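**Q**
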């Protein structure tokens, strides 16, 4: 049975791509004509998936976008669609859950059984016992928040002893906990030097990097500081810049073009 | 318009109770006969609410229990039921979400619009911009994780400079951010001395205290270290010890008795 890291490596090689498309169906920005369907969130996601599947290693649907609109059923359909039609690509459920062990068990069940995601994002704030239930799904991925891409993250994540600030303490610890090739870390493109420090302590552990595209992180810097010795090791996520490249009936084609050019930009620096 | 803190104070006085019943409908422990109904999670929660409403200030439904079973619709019905029949009690959605601002906006929408909860639990890990969307619902409560009740929490929450470990840094900061009587902090009953340190820095800010009951925290210690100058300031949450006091058709009566005796035990030390 391959580990999650091995499956992810196959996905990188499938399309020679480190790009992940984040599926954040923002109600206000969805193409208007989709609201003529019964399931506009699913139809939007499906169209994006079909348009961009040739240029990515993974898709990352974001839970809040579906939950705020009471459309969990469309999220489940979307993930099932990807798993059926693109089984060589990874599906990362972006949920960032974090709770005590007995409750984390149910969040793990939500991610891996209800939605059948390949990997899920989680918070490290409650410590190891809050992550253990995810480790029990031994072939699935656990993507721990480390250094997030938003401006306010500095206050807590970069606090503590500056030799080992909180985000680096987490990186080291997760690297120790990961005995079965399951873990990744979220490290934002907006803090490239800290991405370099994380890479230094985690060896070849893959990193999930949001913050290129709409948030302004530099692809070149991310590759320079983040890739592993094989020119891999990164899942670089872009959402809005791809999803909403065009706001009308041409959104699929525009997303395909944006995904392709982002993939090509990434590959320039590998 | 009363603030969330003012509404909570009214709820404490309504039944002279600081007790909150956590509604964690664990599939394996739900009374078997409820599965003859269409909506067993809602029916269970409704029966618990009706049985214990006279002894509490708040109910705290836990999101993962509903999400793992794809029963968000029953969670919504349950909250609507409490708001209709017990408008003087608070409903805390225990969700522990934490994401960047644009996504946090949707989690706030989920909690306050979709579910219409009075307050929601959130993670501090991403910093202030990840909490701002919640503050925009100015009459609702924001309950920030500070020192959680589980054994693994020590590693991160109690790290850093021991004059101001991470959990205390968060307590101080949330107290500064809270300009409109909206915030509370989660401080587990299992760490009573740290509860005392939090109380010292936050003045009269109310604290949500899980960890009595099944997790073994002492009610006497919690009251000793946590109550404010008025003998209030605490929302003490118990779930399993009340919900599953009896596993058969008598679960409602057993829950009522357990809630009443927990409330009385709390009141002994005020």
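Chains as they are written, first to last, in my numbering: chain B, 548 to 817; chain H, 548 to 817. Just so you know, even glycine gets a beta-carbon here, dropped at the ideal spot from N, CA and C. Computed from a predicted structure; not experimentally measured.
Measure how close the beta-carbons of residue 643 of chain H and residue 669 of chain H come, nearest whole angstrom, since I'm counting them as under 8 Å.
**A** As a first step, residue 643 of chain H must be located in the second chain, where it is residue number 96. As a first step, residue 669 of chain H must be located in the second chain, where it is residue number 122. Yes, residue 643 of chain H and residue 669 of chain H are in contact; Cβ-Cβ is about 7 Å, under 8 Å.
**Q** What residues in its chain sit with their C-beta under 7 Å from that of residue 727 of chain B, if we drop five residues either side in the sequence?
**A** Along the first chain, read from residue 1 onward, the residue named residue 727 of chain B stands at position 180. Closer than 7 Å at Cβ, skipping near neighbours: 550, 685.
**Q** Check residue 641 of chain B in the structure and name its three-state DSSP category.
**A** Position 94 of the first chain, counted from the first residue, corresponds to residue 641 of chain B. Three-state DSSP puts residue 641 of chain B in a strand.
**Q** Is residue 583 of chain H near the ligand FAD - that is, is its Cβ less than 8 Å away from at least one heavy atom of it?
**A** Here there are no bound small molecules, and the ligand FAD is not part of this structure.
**Q** Which full runs of the beta strand (DSSP E) of 3+ residues lie inside the stretch 711-784 of chain B, going along the chain?
**A** Correct list: 730-734, 754-756.
**Q** Kindly list, in the order they appear in chain H, the residues whose Cβ is closer than 7 Å to that of residue 646 of chain B.
**A** Here residue 646 of chain B is taken as the residue at index 99 of the first chain, counted from 1. Per Cβ cutoff of 7 Å: 611, 643.
**Q** What is the C-beta distance between residue 704 of chain H and residue 694 of chain H, in whole angstroms, given that I count them as a contact (C-beta under 8 Å)?
**A** Your numbering for residue 704 of chain H matches position 157 in the second chain. Your numbering for residue 694 of chain H matches position 147 in the second chain. The pair is a contact, with the Cβ atoms about 6 Å apart (cut-off 8 Å).
**Q** Any idea what DSSP makes of residue 596 of chain B, helix, strand or coil?
**A** Working through the first chain from its first residue, we reach residue 596 of chain B at position 49. It is helical.
**Q** At which residues does the beta strand (DSSP E) containing residue 707 of chain H begin and terminate?
**A** Position 160 of the second chain holds residue 707 of chain H. Element bounds for residue 707 of chain H: n/a, residue is neither H nor E.
**Q** Using a Cβ-Cβ distance under 9 Å, would residue 720 of chain H count as near chain B?
**A** Against the second chain, residue 720 of chain H aligns to sequence position 173. Yes, residue 720 of chain H counts as interfacial toward chain B.
**Q** Taking only three categories from DSSP, how would you classify residue 577 of chain H?
**A** Taking the second chain and counting its residues from 1, one reaches residue 577 of chain H at position 30. In the structure shown, residue 577 of chain H sits in coil (DSSP, three-state: anything other than H, G, I, E or B).
**Q** Please report the residue range of the beta strand (DSSP E) in which residue 698 of chain H lies.
**A** Sequence index remark: in the second chain, residue 698 of chain H carries index 151 (1-based). It is not in any beta strand (DSSP E) - residue 698 of chain H carries neither H nor E in the DSSP assignment.
**Q** Are there 16 or more other CB atoms within 10 angstroms of the CB of residue 548 of chain H, so buried, or fewer, so exposed?
**A** Position 1 of the second chain, counted from the first residue, corresponds to residue 548 of chain H. Residue 548 of chain H is exposed by the Cβ-count criterion.
**Q** According to DSSP, simplified to helix, strand and coil, what is residue 671 of chain B?
**A** Position 124 of the first chain, counted from the first residue, corresponds to residue 671 of chain B. Here residue 671 of chain B sits in coil by DSSP.
**Q** List the residues of chain B that residue 700 of chain H touches, going by C-beta distances under 9 Å, in chain order.
**A** Walking along the second chain from the start, residue 700 of chain H turns up at place 153. Result: 647, 672, 673, 674, 676, 677.
**Q** Can you tell me which of B/616, B/626, B/617, B/575 puts its alpha carbon nearest to the alpha carbon of residue 594 of chain B?
**A** As a working mapping, residue 594 of chain B is identified with position 47 in the first chain. If we check each option's Cα against that of residue 594 of chain B, B/626 comes out closest.
**Q** Starting from residue 648 of chain B, trace the alpha helix (DSSP H) both ways and give me its first and last residue.
**A** Counted from its first residue, the first chain places residue 648 of chain B at position 101. Looking at the DSSP string, the run of the alpha helix (DSSP H) that includes residue 648 of chain B is 648-656.
**Q** Hey, would you say residue 571 of chain H sits closer than 9 Å to residue 786 of chain H, going by beta carbons?
**A** For the purposes of this step, residue 571 of chain H is identified with residue 24 of the second chain, where counting begins at 1. For the purposes of this step, residue 786 of chain H is identified with residue 239 of the second chain, where counting begins at 1. Contact flag set, yes.
**Q** Taking only beta carbons into account, state which residues of the stretch 732-765 of chain H come closer than 7 Å to chain B, listed in chain order.
**A** Flagged: no residues at all.
**Q** Using a Cβ-Cβ cut-off of less than 7 Å, list which residues of the stretch 651-665 of chain H approach chain B; keep chain order.
**A** Cβ contacts with chain B come from 653, 654, 656, 657, 661.
**Q** State the CB to CB distance for the pair residue 758 of chain B and residue 735 of chain B, rounded to an integer number of angstroms; the pair is presumed to be in contact (CB under 8 Å).
**A** Here residue 758 of chain B refers to the residue found at position 211 when the first chain is read from its first residue. Here residue 735 of chain B refers to the residue found at position 188 when the first chain is read from its first residue. Indeed, because the Cβ distance is near 4 Å, the residues count as touching under 8 Å.
**Q** Does residue 666 of chain B come out as helix, strand or coil in the three-state DSSP assignment?
**A** Within the first chain, the letter at position 119 stands for residue 666 of chain B. Here residue 666 of chain B sits in strand by DSSP.
**Q** Give me the subset of the stretch 681-697 of chain H whose CB atoms are less than 9 Å from a CB atom of chain B, sorted by chain position.
**A** Flagged, chain order: 692, 695, 696, 697.
**Q** Skipping 5 residues on each side, what residues in its chain have a beta carbon closer than 7 Å to that of residue 601 of chain B?
**A** Taking the first chain and counting its residues from 1, the one referred to as residue 601 of chain B is at position 54. If we look at residue 601 of chain B and ignore the five residues flanking it on each side, its Cβ neighbours are 562.
**Q** Does the Cβ-Cβ distance between residue 568 of chain H and residue 790 of chain H come in under 9 Å?
**A** Your numbering for residue 568 of chain H matches position 21 in the second chain. Your numbering for residue 790 of chain H matches position 243 in the second chain. Going by C-beta atoms, residue 568 of chain H is nearer than 9 Å to residue 790 of chain H.
**Q** Could you pull out every residue in the same chain whose Cβ sits closer than 6 Å to the Cβ of residue 676 of chain H, ignoring the five residues on either side in sequence?
**A** Here residue 676 of chain H is taken as the residue at index 129 of the second chain, counted from 1. 648, listed in sequence order.
**Q** Can you name the start and end residues of the beta strand (DSSP E) that residue 607 of chain B belongs to?
**A** For the purposes of this step, residue 607 of chain B is identified with residue 60 of the first chain, where counting begins at 1. Looking at the DSSP string, the run of the beta strand (DSSP E) that includes residue 607 of chain B is 605-608.
**Q** Does residue 821 of chain H come within less than 9 Å of chain B when only Cβ atoms are used?
**A** No information on residue 821 of chain H is available, as it lies outside the stretch 548 to 817 that chain H covers here.
**Q** Using a C-beta cutoff of 9 Å, does residue 716 of chain H count as contacting chain B?
**A** Within the second chain, the letter at position 169 stands for residue 716 of chain H. By this cut-off, residue 716 of chain H is an interface position.
**Q** Whose Cβ in chain H lies nearer than 8 Å to the Cβ of residue 706 of chain B?
**A** As a first step, residue 706 of chain B must be located in the first chain, where it is residue number 159. Those within 8 Å of residue 706 of chain B in chain H are 707, 713, 716.
**Q** From what residue to what residue does the alpha helix (DSSP H) around residue 622 of chain H run?
**A** Numbered from 1 along the second chain, position 75 holds the residue referred to as residue 622 of chain H. 619-632 is the extent of the alpha helix (DSSP H) around residue 622 of chain H.
**Q** Quick one: what does DSSP say residue 636 of chain B is sitting in, helix, strand or coil?
**A** The sequence position of residue 636 of chain B within the first chain is 89, counting from 1. DSSP places residue 636 of chain B in coil when its eight states are reduced to three.
**Q** Taking Cβ-Cβ distances shorter than 9 Å, what residues in chain H pair up with residue 703 of chain B?
**A** Start at 1 with the first residue of the first chain, and residue 703 of chain B comes out as number 156. Residues of chain H passing the Cβ test: 671, 672, 673, 674, 713, 716, 717, 720.
**Q** From the DSSP output, read off the bridge partner residues of residue 690 of chain B.
**A** Counting from one through the first chain, the residue named residue 690 of chain B turns up at place 143. DSSP lists B/668, B/731 as partners of residue 690 of chain B.
**Q** When the Cβ atoms of the stretch 808-816 of chain B are set against those of the stretch 749-768 of chain H, are three or more pairs found closer than 8 Å?
**A** Touching, no.
**Q** Taking residue 619 of chain B as the query, report the chain H residues whose CB atoms sit under 9 Å from its CB, ordered along the chain.
**A** Start at 1 with the first residue of the first chain, and residue 619 of chain B comes out as number 72. Here the neighbours are 614, 617, 619.
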